[in-house]
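Take a look at the structure below.
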Amino acid sequence: MIHAERIRNLNGEEPDLRGSYVVYWMQASVRSHWNHALEYAIETANSLKKPLIVVFGLTDDFPNANSRHYRFLIEGLRDVRSNLRERGIQLVVERDSPPSVLLKYADDAAAAVTDRGYLDIQKEWVDEAAGALHIPLTQVESNVIVPVETASDKEEYSAGTFKPKIKRHLKRFMVPLRMRTLKMDSLDLEPGPEFEDAVRDFRAPEDLEPSVFRGGTSTALSIFSEFLREKLECFERYRNDPVKNCLSNMSPYLHFGQISPLYLALRASEAGECPEFLEELIVRRELSMNFVHYSDSYSSISCLPEWAQRTLMDHVADPREYEYSLRELESASTHDP
Numbered sequence: 008m009i010h011a012e013r014i015r016n017l018n019g020e021e022p023d024l025r026g027s028y029v030v031y032w033m034q035a036s037v038r039s040h041w042n043h044a045l046e047y048a049i050e051t052a053n054s055l056k057k058p059l060i061v062v063f064g065l066t067d068d069f070p071n072a073n074s075r076h077y078r079f080l081i082e083g084l085r086d087v088r089s090n091l092r093e094r095g096i097q098l099v100v101e102r103d104s105p106p107s108v109l110l111k112y113a114d115d116a117a118a119a120v121t122d123r124g125y126l127d128i129q130k131e132w133v134d135e136a137a138g139a140l141h142i143p144l145t146q147v148e149s150n151v152i153v154p155v156e157t158a159s160d161k162e163e164y165s166a167g168t169f170k171p172k173i174k175r176h177l178k179r180f181m182v183p184l185r186m187r188t189l190k191m192d193s194l195d196l197e198p199g200p201e202f203e204d205a206v207r208d209f210r211a212p213e214d215l216e217p218s219v220f221r222g223g224t225s226t227a228l229s230i231f232s233e234f235l236r237e238k239l240e241c242f243e244r245y246r247n248d249p250v251k252n253c254l255s256n257m258s259p260y261l262h263f264g265q266i267s268p269l270y271l272a273l274r275a276s277e278a279g280e281c282p283e284f285l286e287e288l289i290v291r292r293e294l295s296m297n298f299v300h301y302s303d304s305y306s307s308i309s310c311l312p313e314w315a316q317r318t319l320m321d322h323v324a325d326p327r328e329y330e331y332s333l334r335e336l337e338s339a340s341t342h343d344p
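If you want this note's numbering, it's the 1-based position in the sequence shown plus 7.
In structure tokens, the structure reads:
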């Protein structure tokens with residue numbers, strides 16, 4: 008079931024029945040597994056009797072991204088491509104700004120669907136695309152369990168105020184997502200470059216060693232299954248002690264949209280009592296979505312309460328035994344071994 012609260016039409020346009028396909032612009036939910044936006048796009052394609060293609064714009068200037076992030080992302084996209092092909096859907100990746108890629112493929116599309124991100128840059132991308140399209144752009148929210156504006160209509164200041172609000176909606180939104188079947192496949196279409204050509208020799212601004220985690224939904228599912236079998240019981244006691252290795256390790260996969268929080272919550276609930284895990288996955292994580300969505304200055308010190316800003320300024324010149332640059336801290340180049 009895809010609740011109406013997850014769905015927003017962004018520009019009021021009508022479908023262009025002359026279009027050759029429906030296009031799903033993937034950006035925040037980089038997965039084919041438990042993705043409300045993808046399933047909605049399949050429904051749209053079936054209702055218009057069109058095939059469906061998925062497009063992704065691979066930009067090299069995402070704020071603060073480095074080669075480790077991009078490698079993880081591309082591994083996830085490779086996984087998406089394989090899984091989509093099994094469902095008769097073609098993934099097209101192009102190295103360009105995300106809205107530019109959508110607009111290119113929208114020229115021959117009947118309708119467009121996208122997922123929802125909460126960062127300023129993601130909002131800017133969507134606004135740019137929605138204002139330029141001649142076909143409907145529908146946004147479907149899939150990276151939270153309770154849609155942000157349903158959970159609360161304002162910025163919340165603590166988990167204590169947010170928790171009772173979101174808990175009221177959990178029973179209604181914690182329902183499995185049914186996989187749809189696409190009636191007209193798009194595998195014979197040739198709308199764009201080959202996937203490996205698009206990602207080959209991709210260079211990020213800062214080159215780092217690969218992460219210990221491999222990107223992709225398939226890897227995430229395997230890691231989470233191991234967590235449920237072997238670590239869930241010790242999570243409550245040792246969740247704040249990474250040395251104990253009792254964590255789910257789902258953070259990077261959630262961050263890149265490679266795993267559904269709804270899927271994780273339902274699987275964990277089926278596995279046994281896990282209130283602490285659900286507290287972190289739902290209340291704490293979605294509180295952060297609330298903050299980014301409603302705060303106009305989430306990336307600035309001005310988002311802090313006035314008393315906190317004043318305290319910081321009062322002590323900005325205090326003498327300190329050690330002072331380090333951001334790069335020194337990031338590379339662990341401090342006096343403490």
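Beta carbons are placed, not taken as given, at the ideal position from N, Cα and C, and that holds for glycine.
For residue i, the three-state DSSP class (helix, strand or coil)
i: glycine 64; result: strand
i: glutamate 101; result: strand
i: glutamine 129; result: helix
i: glutamine 146; result: strand
i: isoleucine 289; result: helix
i: isoleucine 266; result: coil
i: threonine 188; result: coil
Length of the line joining the Cα atoms of residue i and residue j
i: arginine 244; j: cysteine 253; result: 9 angstroms
i: arginine 179; j: arginine 334; result: 46 angstroms
i: tyrosine 260; j: glutamate 280; result: 23 angstroms
i: tyrosine 31; j: valine 120; result: 5 angstroms
i: aspartate 127; j: serine 302; result: 10 angstroms
i: phenylalanine 234; j: isoleucine 81; result: 24 angstroms
i: histidine 43; j: leucine 285; result: 21 angstroms
i: alanine 278; j: arginine 210; result: 41 angstroms
i: arginine 15; j: asparagine 53; result: 19 angstroms
i: serine 340; j: phenylalanine 79; result: 25 angstroms
i: serine 165; j: proline 58; result: 45 angstroms
i: aspartate 122; j: arginine 38; result: 11 angstroms
i: leucine 271; j: glutamate 240; result: 16 angstroms
i: isoleucine 266; j: threonine 224; result: 6 angstroms
Reference residue i, options the options, closest by Cα
i: leucine 311; options: Gly167, Glu162, Ser218, Lys56; result: Glu162
i: valine 61; options: Ala166, His342, Val108; result: Val108
i: phenylalanine 202; options: His40, Trp314, Leu65; result: Leu65
i: asparagine 73; options: Asp214, Arg38, Glu240; result: Asp214
i: aspartate 86; options: Leu273, Gly222, Ala48, Trp314; result: Gly222
i: serine 193; options: Leu91, Glu20, Glu277, Ser276; result: Leu91
i: arginine 102; options: Tyr164, Glu330, Val206, Glu216; result: Val206
i: leucine 140; options: Glu20, Ile14, Glu328; result: Glu20
i: glycine 26; options: Ala35, Lys56, Leu17, Ala48; result: Lys56
i: phenylalanine 263; options: Glu46, Gln129, Tyr305, Val99; result: Gln129
Buried or exposed by the 16-neighbour rule on C-beta atoms within 10 Å, applied to residue i
i: aspartate 325; result: exposed
i: lysine 315; result: Going by the sequence as given, residue 315 is alanine instead of lysine. Per the 10 Å Cβ criterion, exposed.
i: histidine 40; result: buried
i: serine 159; result: buried
i: methionine 186; result: exposed
i: glutamate 197; result: exposed
i: proline 143; result: buried
DSSP bridge partner residues for residue i (one or two, in chain order)
i: valine 250; result: The partner list for valine 250 (beta bridge, DSSP) is empty, contrary to what the question assumes.
i: arginine 175; result: Its beta-bridge partners do not exist; DSSP assigns none.
i: leucine 59; result: Val29
i: isoleucine 49; result: Beta-bridge pairing links isoleucine 49 to no other residue.
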